[in-house]
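Participant: Dropping the structure in here first, questions after.
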Amino acid sequence: MRLNAPRGTRDIIEGEAQAFSRLETLARGVFIQSGFEEIRLPTFESEDLFRRAVGDTTDIVEKELYTFQDRGGRPLALRPEGTAGVVRAYLEHHWDQSGGAKKLFYMGPMFRAERPQAGRYREFWQIGAEYFGSPTPEADAELLLLAREVLTGFGLSSLKISLNSLGCADCRPAFQQALITYLSERRSTLCEDCQRRLEKNPLRCLDCKIDGPALQQAPSPADHLCETCRRHDQELDGLLRGVDFPFERQPRLVRGLDYYTRTVFEITSQGLGSQDAVAAGGRYDRLVHQMGGPDQPAVGFALGMDRVVRALSGDTVPRAQEPKKIFVAVAGESVGGPAFQLMTRLRQSGWRVELGARTRSLKSQLRAADAWGAKALVIVGESEWAAGQVAVKDLRTQGAQQQAIAPDTLEHWLTTTLGRD
Ligand code: HAM
Numbered sequence: 005m006r007l008n009a010p011r012g013t014r015d016i017i018e019g020e021a022q023a024f025s026r027l028e029t030l031a032r033g034v035f036i037q038s039g040f041e042e043i044r045l046p047t048f049e050s051e052d053l054f055r056r057a058v059g060d061t062t063d064i065v066e067k068e069l070y071t072f073q074d075r076g077g078r079p080l081a082l083r084p085e086g087t088a089g090v091v092r093a094y095l096e097h098h099w100d101q102s103g104g105a106k107k108l109f110y111m112g113p114m115f116r117a118e119r120p121q122a123g124r125y126r127e128f129w130q131i132g133a134e135y136f137g138s139p140t141p142e143a144d145a146e147l148l149l150l151a152r153e154v155l156t157g158f159g160l161s162s163l164k165i166s167l168n169s170l171g172c173a174d175c176r177p178a179f180q181q182a183l184i185t186y187l188s189e190r191r192s193t194l195c196e197d198c199q200r201r202l203e204k205n206p207l208r209c210l211d212c213k214i215d216g217p218a219l220q221q222a223p224s225p226a227d228h229l230c231e232t233c234r235r236h237d238q239e240l241d242g243l244l245r246g247v248d249f250p251f252e253r254q255p256r257l258v259r260g261l262d263y264y265t266r267t268v269f270e271i272t273s274q275g276l277g278s279q280d281a282v283a284a285g286g287r288y289d290r291l292v293h294q295m296g297g298p299d300q301p302a303v304g305f306a307l308g309m310d311r312v313v314r315a316l317s318g319d320t321v322p323r324a325q326e327p328k329k330i331f332v333a334v335a336g337e338s339v340g341g342p343a344f345q346l347m348t349r350l351r352q353s354g355w356r357v358e359l360g361a362r363t364r365s366l367k368s369q370l371r372a373a374d375a376w377g378a379k380a381l382v383i384v385g386e387s388e389w390a391a392g393q394v395a396v397k398d399l400r401t402q403g404a405q406q407q408a409i410a411p412d413t414l415e416h417w418l419t420t421t422l423g424r425d
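Using this note's numbering, read the sequence shown as starting at 5 and increasing by one per residue.
This is how it looks when you write it as structure tokens:
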């Protein structure tokens, strides 16, 4: 029986794989320029980490976590997101004790047992950034600007950036109580999930696919902010307007993870259907403390690489300059060594070179060169090599003649024939 990739996973191949690499390179450049350092996190962590950080009553933990036990019986989980692991690392390496400020970025696959559909996978890729130690709205603004810079730098244009504040431990309870009262009055109209959420995590009802749209008149966190949260939010507003950063207020925007305080945001891209969120994030000032560390504020975001790449149709994806492709065909068993040396030399000086298999006929090697899209052909033949020559041919021009040249002049011939760009 043939085996396929598990449901909700896929091979990232060809143009999509190239686009992934370009997005990673672009993001890495943007983050490093802004003082972020890369961190490569474990793909699995203790299950408890995600329960405590993301929240026991979130869908991500309740329904979507891939959990397993290792041979020692330790409960582990595949990471559903990166923030929890970064916080764990921040504390494990005592970065909280060295002045507190730390800016980290990461990229890699995340795992959630969601119902797969276009743009929603069980293994998907995120690029994320987390900024620890700054309580100021400047940090929120910096992260928002970075997220947008990566997305627009990659070519996404029709972006909508939604912003809200969820308040803090001081003002959240009053909002939560107002929401519970409002929802309780409509209890019988709520879906089964929301009836349960009402007891355990009422904020999540605002985000429910079924009930959310009907809750536009529900109390919003923005109406219950304490003075400090309100000031933070207004200052952020001012900072963003000061740099002409486009955004919209969405008073009922909540997030699927429990750790957020104050600022939350989501960036959507048009034309992606229902799974249109390409990036999301916010402030989580309580999480470091909650995970056993000191009071250290933090803010971050993650973008979904699969969706970002999907948002660009094939031909608008910026193409990287590819080095010119050269195919070295080997005509004769005894010239395998010289052909291999030639290939190595050309690769070292930056050409993209493939070597034919000397066990194949010349004809089949030429077919392979063609299928690969080679721009120039070099044939190393036994008698030609003995006479101090190789044959070369420009494959871009129909009917171009094959010519014999000395191997030492090969690079010169390639440069003058193909150009170096
Ligand atoms: P999130 O909103 O759960 O936030 O995920 C961020 C992004 O990952 C989403 O906007 C989406 O583009 C992508 N994504 C999520 N689930 C899937 C899926 N099943 N298939 C494809 N793409 C998906 C977080 O993960 C937070 N850790 C973000 C953050 C960082 N907040 C603070 N720091």
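Every residue gets a Cβ at the ideal spot worked out from N, C-alpha and C, and that includes glycine.
Return yes when the Cβ of phenylalanine 305 is within less than 8 angstroms of the Cβ of alanine 133, no when it is not.
Facilitator: Here the question's residue 133 lines up with position 129 in the sequence shown. Here the question's residue 305 lines up with position 301 in the sequence shown. Yes, these two residues count as a Cβ contact at 8 angstroms.
Participant: Among Gly89, Leu207, Tyr125, which residue has its Cα nearest to the Cα of leucine 187?
Facilitator: Residue numbering aside, residue 187 sits at position 183 when the sequence shown is read from its first letter. Comparing Cα-Cα distances from leucine 187 to each of Gly89, Leu207, Tyr125, the minimum goes to Leu207.
Participant: Since glutamate 18 is in the alpha helix (DSSP H), which residue starts that stretch and which ends it?
Facilitator: As a working note, residue 18 is residue 14 in the sequence shown. First-last of the alpha helix (DSSP H) with glutamate 18: 18 to 37.
Participant: Grouping DSSP H, G and I as helix and E and B as strand, with all else coil, what is tryptophan 129?
Facilitator: Sequence index remark: in the sequence shown, residue 129 carries index 125 (1-based). DSSP places tryptophan 129 in strand when its eight states are reduced to three.
Participant: Run through DSSP, which three-state label would glutamate 96 get?
Facilitator: Taking the first residue of the sequence shown as 1, we reach residue 96 at position 92. Looking at glutamate 96 - three-state DSSP - the assignment turns out to be helix.
Participant: Flag this pair as touching only if the region 218 to 234 and the region 177 to 194 have three or more C-beta atom pairs under 8 angstroms; answer yes or no.
Facilitator: Yes: the two stretches touch, three or more of their Cβ pairs being nearer than 8 angstroms.
Participant: Does the ligand HAM have a heavy atom nearer than 7 angstroms to the CB of aspartate 63?
Facilitator: In the sequence shown, the residue the question calls residue 63 occupies position 59. No, the ligand HAM has no heavy atom inside 7 angstroms of this Cβ.
Participant: Looking at the secondary structure, which residues open and close the beta strand (DSSP E) in which threonine 265 lies?
Facilitator: On the sequence shown, residue 265 is found 261 positions in, with the first residue counted as 1. It is not in any beta strand (DSSP E) - threonine 265 carries neither H nor E in the DSSP assignment.
Participant: Can you tell me whether phenylalanine 128 sits near the ligand SAH, meaning its C-beta is under 7 angstroms from at least one heavy atom of the ligand?
Facilitator: Looking at this structure, you won't find the ligand SAH anywhere; what it does contain is the ligand HAM.
Participant: Look at the alpha carbon of glycine 318 and the alpha carbon of glycine 19, and state the distance between them as a whole number of angstroms.
Facilitator: Your numbering for residue 318 matches position 314 in the sequence shown. Your numbering for residue 19 matches position 15 in the sequence shown. Confidence in glycine 318 is poor, its pLDDT being 47 and thus under 50, which makes the residue's placement unreliable; the coordinate value appears in the next sentence. The straight-line gap from Cα to Cα measures roughly 8 angstroms.
Participant: Is the beta carbon of leucine 155 sitting closer than 8 angstroms to the one on leucine 163?
Facilitator: Reading the sequence shown from its first residue, position 151 is the one you call residue 155. Reading the sequence shown from its first residue, position 159 is the one you call residue 163. Yes.
Participant: Given 7 angstroms as the limit, tell me if arginine 256 has its C-beta closer than that to any heavy atom belonging to the ligand HAM.
Facilitator: Here the question's residue 256 lines up with position 252 in the sequence shown. Because no heavy atom of the ligand HAM lies under 7 angstroms away, the Cβ of arginine 256 does not count as near it: no.
Participant: Would you say the beta carbon of alanine 395 is closer than 7 angstroms to some non-hydrogen atom of the ligand HAM?
Facilitator: The residue given as residue 395 occupies position 391 in the sequence shown. False, no ligand heavy atom lies under 7 angstroms from that Cβ.
Participant: Assign isoleucine 165 to one of two classes, buried (16 or more other C-beta atoms within 10 Å of its C-beta) or exposed (fewer than that).
Facilitator: As a first step, residue 165 must be located in the sequence shown, where it is residue number 161. Flag for isoleucine 165 reads buried.
Participant: Can you look up glycine 112 in the DSSP assignment and give me helix, strand or coil?
Facilitator: Here residue 112 refers to the residue found at position 108 of the sequence shown. Looking at glycine 112 - three-state DSSP - the assignment turns out to be strand.
Participant: Leaving out the 5 sequence neighbours to the left and right, which residues in its chain are closer than 6 angstroms to phenylalanine 331 when beta-carbon positions are compared?
Facilitator: Residue 331 sits at position 327 when you count from the first residue of the sequence shown. Result list for phenylalanine 331: Glu358, Ala373, Ala378, Leu381, in chain order.
Participant: Have a look at threonine 320 and arginine 311 and give me their C-alpha separation to the nearest angstrom.
Facilitator: Taking the first residue of the sequence shown as position 1, residue 320 is located at position 316. Taking the first residue of the sequence shown as position 1, residue 311 is located at position 307. Below a pLDDT of 50, predicted positions are generally treated as unreliable, and threonine 320, at 48, falls in that range; the measurement from the model is reported next regardless. When rounded, the distance between both Cα atoms is 15 angstroms.
Participant: Output the distance between the C-alpha atoms of alanine 404 and aspartate 398, rounded to the nearest integer angstrom.
Facilitator: One-based indexing of the sequence shown puts residue 404 at position 400. One-based indexing of the sequence shown puts residue 398 at position 394. In a straight line, the C-alpha of alanine 404 is about 6 angstroms away from that of aspartate 398.
Participant: Measuring only the C-alpha atoms, how far is valine 34 from alanine 21?
Facilitator: Residue mapping note: residue 34 aligns to position 30 of the sequence shown, counting from 1. Residue mapping note: residue 21 aligns to position 17 of the sequence shown, counting from 1. Roughly 20 angstroms separates the two Cα atoms.
Participant: For threonine 320, name the three-state secondary structure that DSSP assigns.
Facilitator: Residue 320 sits at position 316 when you count from the first residue of the sequence shown. Because the pLDDT of threonine 320 is 48, which lies under 50, any placement of that residue in the model is unreliable, and the question is left without a value.
Participant: Per DSSP, which residues does serine 273 bridge with? Please list them.
Facilitator: Residue numbering aside, residue 273 sits at position 269 when the sequence shown is read from its first letter. Per DSSP, Leu163.
Participant: Using the DSSP secondary-structure output, state which residues sit across from glycine 286 in a beta bridge.
Facilitator: Position 282 of the sequence shown holds residue 286. Partner(s): Val268, Gly304.
Participant: Just mark methionine 111 as buried or exposed, buried being the case when its beta carbon has 16 or more other beta carbons within 10 Å.
Facilitator: What you label residue 111 is simply residue 107 of the sequence shown in a count that begins at 1. Classification for methionine 111: buried.
Participant: Would you report the Cα separation of isoleucine 64 and glutamate 51, rounded to the nearest angstrom?
Facilitator: Here residue 64 corresponds to residue number 60 of the sequence shown, with the count starting at 1. Here residue 51 corresponds to residue number 47 of the sequence shown, with the count starting at 1. If I take the Cα positions, the gap works out to 12 angstroms.
Participant: Three or more C-beta pairs under 8 angstroms: does that hold for the region 267 to 279 against the region 69 to 81?
Facilitator: At 8 angstroms Cβ cutoff, the stretches do not touch.
Participant: Is it the case that the CB of alanine 373 approaches a heavy atom of the ligand HAM more closely than 7 angstroms?
Facilitator: For this step, residue 373 is matched to residue 369 along the sequence shown. No.
Participant: Could you pull out every residue in the same chain whose Cβ sits closer than 8 angstroms to the Cβ of phenylalanine 24, ignoring the five residues on either side in sequence?
Facilitator: Position 20 of the sequence shown, counting from 1, holds the residue named residue 24. These residues qualify, in order along the chain: Ile16, Trp129, Met309, Val313.
Participant: Flag valine 384 as yes when its Cβ comes closer than 7 angstroms to any non-hydrogen atom of the ligand HAM, and as no otherwise.
Facilitator: Start at 1 with the first residue of the sequence shown, and residue 384 comes out as number 380. False, no ligand heavy atom lies under 7 angstroms from that Cβ.
Participant: Looking at the ligand HAM, does it come within less than 7 angstroms of arginine 119, judged from the CB to the closest heavy atom?
Facilitator: For this step, residue 119 is matched to residue 115 along the sequence shown. It does not: the Cβ of arginine 119 is nowhere closer than 7 angstroms to a heavy atom of the ligand HAM.
Participant: For glycine 337 versus arginine 362, is the C-beta distance shorter than 8 angstroms?
Facilitator: Within the sequence shown, numbered from 1, the residue matching residue 337 stands at position 333. Within the sequence shown, numbered from 1, the residue matching residue 362 stands at position 358. A small correction: the amino acid at residue 337 is glutamate; glycine does not occupy that position in the sequence shown. The answer is yes: Cβ separation under 8 angstroms.
Participant: What does serine 169 pair with, by DSSP beta-bridge criteria?
Facilitator: Along the sequence shown, one-based indexing puts residue 169 at 165. DSSP output for serine 169 lists Thr267 as bridge partner(s).
Participant: Do leucine 261 and the ligand HAM come close, with the Cβ less than 7 angstroms from some heavy atom?
Facilitator: Residue mapping note: residue 261 aligns to position 257 of the sequence shown, counting from 1. Yes, Cβ of leucine 261 sits closer than 7 angstroms to a heavy atom of the ligand HAM.
Participant: Let's test the definition: count the other Cβ atoms within 10 Å of the Cβ of cysteine 195 and tell me whether it reaches 16, buried, or not, exposed.
Facilitator: Position 191 of the sequence shown, counted from the first residue, corresponds to residue 195. It counts as exposed.
Participant: Assess contact between the region 83 to 91 and the region 38 to 51, defined as three or more Cβ pairs (one per stretch) separated by less than 8 angstroms. Is contact present?
Facilitator: Cβ pair count under 8 angstroms is three or more, so yes.
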